[in-house]
Each structure stands twice: as C-alpha cells, then as structure tokens.
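Below is one structure; the comments refer to it alone.
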Amino acid sequence: MQSRIPTYIFSLFIPLALVIGCFGFYNRVEPRILGFPFIYAWIFACFFLVSASMCIGWLLDPQSDRNKKRASSSRAPKENAS
C-alpha cells in the first residue's frame, strides 16, 4: 500500500498555507490590481491555486478510482482477433 501523504500535502496544507499562512504577505492595500486592493487579487488567485493543488493531490492519490480503473484495464485479458 502506498502512502497518501503527498495527497494530504497538496490537498490540505498547501491551500491552508496560501490562504492563512501567508496573511502577513498579502495583508496590504497597495499595490492595486485592476483597481482592487492586493488582498482581493490574492484571494482570487487562491481560487485557481487551490483548485490546481486539489487536482495534483487527486492525481497523486494512489487509492483514487481513476488509478484503480487504469490498473484494472491494463490487467484485463486481451482477446485474440483470429
């Protein structure tokens, strides 16, 4: 059985670090991005970054349904077309 630690890191800890852990970095008004304070641009960017990290965590998950289907299809017996 493979470890699920990379899944937890990408799915839980990286988004938590982005949104909460870096608060001192993005807690400011200047610079403005498209007329909005930096904090709004940061939170908007976090939507995409969290989605990407969840996708990476899902791809790394050794117990996901996607990986089980791929493994079972590669083990299926092949038919002879003779």
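Position in the sequence shown (first residue = 1) + 94 = this note's numbering.
Just so you know, even glycine gets a beta-carbon here, dropped at the ideal spot from N, CA and C.
Note that this is a predicted model, so its numbers are computed, not measured.
Residue i versus residue j - alpha carbon distance
| i | j | result |
| --- | --- | --- |
| Ser147 | Pro131 | 25 Å |
| Gly129 | Ala135 | 10 Å |
| Ile114 | Trp152 | 22 Å |
| Ile127 | Ile133 | 9 Å |
| Phe119 | Ile108 | 15 Å |
| Leu143 | Ile137 | 10 Å |
Cβ-based burial, residue i [other Cβ within 10 Å; buried from 16]
| i | result |
| --- | --- |
| Ser105 | buried |
Sub-7 Å separation of residue i and residue j beta-carbons
| i | j | result |
| --- | --- | --- |
| Ala140 | Leu112 | Note that residue 140 is Cys in the sequence shown here, rather than Ala. Yes, these two residues count as a Cβ contact at 7 Å. |
Three-state class that DSSP yields for residue i in the structure shown
| i | result |
| --- | --- |
| Pro131 | strand |
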